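A.B. asks: Sharing a structure below in structure tokens format, with a few things to ask.
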Amino acid sequence: MCRKIMTLLFVTSILLTFVLSVGAEEVTGNTADNETDKTTASILLGATTLDGENYQQIGFRMDLPLGKLGFGLDIQVLIDEEGNIREEDWDEYEDYVDLIYYIRWDKKGAPFYAKIGGLEFTYLGYNDIVNGYTNMINYPDLKRLGLEMSIKAGRIDGEFFLNDLKEGFGSNPSVVYGGRLAVRMLGKIAVGATVAGDIYDFNGLRDSDGDDYADEVDRYPYDDALATEYEYFVGKRGISESAFDEFVGIGEYDGTRRADIERKSDLESSLTIWGLDVGYPIISGDSIKVDLYAAYSNIVDYGWGVTAPGFRASVGDFFSFTAEYKIQSKEFMFGYFNNTYELERAYYKVDDSGILTPHPRQDRLLEITDDMQGYLVAAHFDLRDLISVNAQYQDMSSDTIPDINSLTGEVILNDGAYAIFPTVRAYYVQNNVENFDEWRTESTIAGYVLEFAVGDATMGIDHQFTFEDMNGNGLIDGDDETIRTISLFSRIEF
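Residue numbering for the sequence shown follows my numbering, starting at 10 and increasing by one per position.
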């Protein structure tokens with residue numbers, strides 16, 4: 010109840026802030042313009058597996074801009090091997106809320122911008138706390154109804170986001186949230202303050218049937234009446250307890266009882282990070298921009314980090330470059346809320362006694378037992394849509410503990426430059442690892458997209474890989490822990 014009240018007050022305060030706001034001018038931070046000005050309709054075909062059953066997936070997506078107002082609808086239908094529509098996707102009110110892909114007002118960078126639905130990339134300030142967070146990493150298997158807003162009012166900028174309004178009012182209420190306020194003072198110098206956090210980290214544990222037991226420890230994750238083999242064989246099948254115990258003794262059955270499993274609602278964990286930054290635009294021309302900045306971040310009850318100096322330069326949309334020197338104390342991680350956060354938000358791990366135990370992501374901070382220093386470099390290059398390259402690398406090192414490295418890379422070939430050739434996009438993300446010997450980890454996203462122009466339409470395939478350590482041994486073992494999302498799509502603009 011306390012978390013629910015806290016969430017309600019937080020959401021309400023943000024909504025009231027923006028209802029009373031008007032905007033005019035940019036101060037600092039990140040802006041992006043990913044919304045379309047055209048009406049588009051897409052059809053997606055694919056396959057997926059739920060609860061051991063194979064389904065054909067048919068999707069219809071539409072983007073409908075009406076001036077500054079924009080709507081996005083996303084309808085997904087799963088059909089089983091007998092040709093029946095999966096009824097569980099259409100029997101609750103949330104199933105119909107999930108049809109909303111987004112509702113937005115204007116675009117990022119406008120005096121007032123707001124969006125409800127899927128959040129593709131969210132940044133705050135100079136990215137030391139919130140660095141490319143997305144609530145769509147499990148999409149369309151898990152649809153989150155996020156909230157994102159920004160204002161520009163004179164010498165003040167404000168930015169806010171929430172990961173999922175549905176989660177905020179669910180059975181275990183929580184939100185991942187972030188906000189930043191920046192003020193220009195002393196000429197061009199801008200000073201900003203950021204706060205971000207997770208009210209209940211353990212909502213990162215998937216509970217598909219809503220019985221308050223996470224899928225990793227629920228032997229029947231799609232049946233809310235069953236959680237253990239004891240309940241199935243003794244309670245549902247009616248075999249005797251002595252016979253069940255005999256099967257347990259020879260290793261045929263798992264003897265776990267419901268009382269041996271922790272409920273999600275019995276777990277408690279939250280996290281807050283705050284930060285301050287200052288920036289100065291050395292060059293602020295129409296085409297060439299150069300910024301110098303510094304930032305301090307603090308994870309409450311853990312450690313701190315400093316970026317100084319930071320340097321950004323850009324030449325139109327053609328080229329941009331970022332370089333930062335970073336130092337940090339123990340128990341700190343730069344860009345904590347990043348593009349793989351929802352994959353790592355909470356996890357299970359086998360402890361020294363061989364017991365599978367739940368952990369929030371913040372427990373990984375305890376593994377950073379020494380001060381560290383390092384650097385971040387990032388670059389973007391776009392040659393008239395023939396080839397576009399985006400890359401970012403961060404390296405933090407210490408004399409006593411393993412390095413912490415992160416890598417993000419994307420290459421786009423022929424982004425519509427020549428209609429007779431396909432557009433090819435390949436991407437790879439891996440965050441906060443010692444090295445890149447293991448290319449598959451829970452912090453990895455990889456995939457490719459192929460698009461073919463056919464008249465006024467576009468057809469293609471989207472193939473994405475993510476990974477989940479289901480048995481808690483710290484490794485990704487084969488296909489069972491590899492999550493593939495394959496979609497065929499057709500899109501038309503008019």
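For glycine and all other residues, C-beta sits at the position ideal for the given N, C-alpha and C.
All values reported here derive from a predicted model rather than from experimental measurement.
Given a threshold of 16 other Cβ atoms within 10 Å of its Cβ, counted over all protein chains shown, does S306 qualify as buried or as exposed?
C.D. replies: It is buried - the Cβ of S306 has at least 16 other Cβ atoms within 10 Å.
A.B. asks: Hey, out of G487, E490, Q473, whose CA is closest to A56's CA?
C.D. replies: Of the candidates G487, E490, Q473, the one whose C-alpha sits nearest the C-alpha of A56 is Q473.
A.B. asks: Ignoring anything shorter than 3 residues or poking outside the segment 227-308, list the beta strand (DSSP E) runs there in chain order.
C.D. replies: Listed in chain order, the complete beta strand (DSSP E) runs (minimum 3 residues) inside the segment 227-308 are 280-293, 297-308.
A.B. asks: Flag this pair as touching only if the segment 281-292 and the segment 242-260 have three or more C-beta atom pairs under 8 Å; answer yes or no.
C.D. replies: The segment 281-292 is not in contact with the segment 242-260.
A.B. asks: For a minimum of 3 consecutive residues, which ranges assigned as the beta strand (DSSP E) are wholly contained in the segment 133-161?
C.D. replies: Those beta strand (DSSP E) runs which fall completely within the segment 133-161 and span 3+ residues are 139-142.
A.B. asks: Is Q403 buried or exposed, if buried means 16 or more other CB atoms sit within 10 Å of its CB?
C.D. replies: Buried, since its Cβ has 16 or more Cβ neighbours within 10 Å.
A.B. asks: At which residue ranges does the segment 72-125 contain complete beta strand (DSSP E) runs of 3 or more residues, listed in the order of the chain?
C.D. replies: Those beta strand (DSSP E) runs which fall completely within the segment 72-125 and span 3+ residues are 78-88, 109-114.
A.B. asks: For V442, which option in G483, A426, I336, F327 has the closest C-alpha, if you only look at C-alpha atoms?
C.D. replies: When each option's Cα is compared against that of V442, the closest is G483.
A.B. asks: On the three-pair Cβ rule with 8 Å, is the segment 371-384 touching the segment 406-420?
C.D. replies: Contact between the segment 371-384 and the segment 406-420 is present, because at least three Cβ pairs lie under 8 Å.
A.B. asks: Who pairs with A355 in a beta bridge, going by DSSP?
C.D. replies: DSSP, once it has assigned bridges, lists P369 as partnering A355.
A.B. asks: Enumerate in chain order the residues of its own chain whose CB-to-CB distance from V185 is below 6 Å, with the five nearest sequence positions on each side excluded.
C.D. replies: Result list for V185: N172, D207, in chain order.
A.B. asks: Among residues of its own chain, excluding the 5 on either side of F430, which ones have a beta-carbon nearer than 6 Å to its beta-carbon?
C.D. replies: Cβ within range, chain order: N423.
A.B. asks: May I ask which residues mark the beginning and end of the alpha helix (DSSP H) holding K175?
C.D. replies: From DSSP, the alpha helix (DSSP H) with K175 extends over 174-177.
A.B. asks: So, helix, strand or coil for D326, using DSSP?
C.D. replies: Three-state DSSP puts D326 in coil, outside helix and strand.
A.B. asks: Under 7 Å between the Cβ atoms of D72 and T49?
C.D. replies: Taking 7 Å as the Cβ cut-off, D72 and T49 qualify as a contacting pair.
A.B. asks: Roughly how many angstroms separate the alpha carbons of D150 and T494, rounded to a whole number?
C.D. replies: Computed Cα separation, rounded: 9 Å.
A.B. asks: With A426 as the anchor, note down where its beta strand (DSSP E) starts and where it stops.
C.D. replies: Unbroken run through A426: none, as it is neither H nor E.
A.B. asks: Would you identify the three-state DSSP class for Y350, choosing helix, strand or coil?
C.D. replies: If DSSP states are grouped into helix, strand and coil, Y350 belongs with the helices.
A.B. asks: Less than 6 Å between C-beta atoms, sequence neighbours within five positions excluded: which residues of the same chain meet that for Y437?
C.D. replies: Same-chain partners within the cutoff: G418, A455.
A.B. asks: Tell me which residue opens and which closes the beta strand (DSSP E) that G469 is part of.
C.D. replies: Note, G469: beta strand (DSSP E), 466-476.
A.B. asks: Provide the residue(s) that pair with Y384 in DSSP beta bridges, ordered along the chain.
C.D. replies: According to DSSP, which records beta bridges pairwise, Y384 is partnered with Y334, D404.
A.B. asks: Near R70, which residues of its chain fall below 6 Å by C-beta distance, leaving aside the five closest residues on each side in sequence?
C.D. replies: Cβ neighbours of R70 beyond the five flanking positions: S51, D83.
A.B. asks: Hey, could you find the ends of the beta strand (DSSP E) R434 is sitting in?
C.D. replies: Residues 432-442.
A.B. asks: Please classify F69: does DSSP put it in a helix, a strand, or coil?
C.D. replies: Residue state, collapsed to three classes: strand.
A.B. asks: Provide the residue span of the beta strand (DSSP E) that contains G188, from first to last.
C.D. replies: Element bounds for G188: 185-193.
A.B. asks: Identify whether G344 lies in helix, strand or coil by the three-state DSSP scheme.
C.D. replies: Reduced to three states, the DSSP call for G344 is coil.
A.B. asks: Measure how close the beta-carbons of A205 and G187 come, nearest whole angstrom, since I'm counting them as under 8 Å.
C.D. replies: Indeed they touch by this definition, with Cβ atoms about 4 Å apart.
A.B. asks: I'd like the span of the beta strand (DSSP E) that includes G456, first residue to last.
C.D. replies: 453-463 is the span of the beta strand (DSSP E), which, as asked, contains G456.
A.B. asks: Out of curiosity, what's the CA-to-CA distance linking T131 and D263?
C.D. replies: About 43 Å.
A.B. asks: At the level of alpha carbons, what is the spacing between D489 and D446?
C.D. replies: Looking at the two C-alpha atoms, the distance is approximately 20 Å.
A.B. asks: Tell me whether the beta-carbon of G141 lies closer than 7 Å to the beta-carbon of N399.
C.D. replies: No, Cβ-Cβ distance for G141 and N399 is not below 7 Å.
A.B. asks: Tell me whether G487 is buried or exposed, calling it buried when 16 or more other Cβ atoms sit within 10 Å of its Cβ.
C.D. replies: Flag for G487 reads exposed.
A.B. asks: Given a cut-off of 7 Å on the beta-carbon distance, is the pair F343 and V139 in contact?
C.D. replies: It is not a contact, given that the beta carbons lie outside the stated cut-off.
A.B. asks: Of the choices L195, S274, E261, I308, whose alpha-carbon is the least far from that of P290?
C.D. replies: Among L195, S274, E261, I308, the Cα nearest to that of P290 belongs to L195.
A.B. asks: Roughly how far, in whole angstroms, is the beta-carbon of F461 from the beta-carbon of T467, given that I think they are within contact range, below 8 Å?
C.D. replies: Between T467 and F461 the Cβ distance is about 7 Å, and since that is below 8 Å, they are a contact.
A.B. asks: Per DSSP, what kind of secondary structure is E490 in: helix, strand or coil?
C.D. replies: Of the three classes helix, strand and coil, the one that applies to E490 here is helix, per DSSP.
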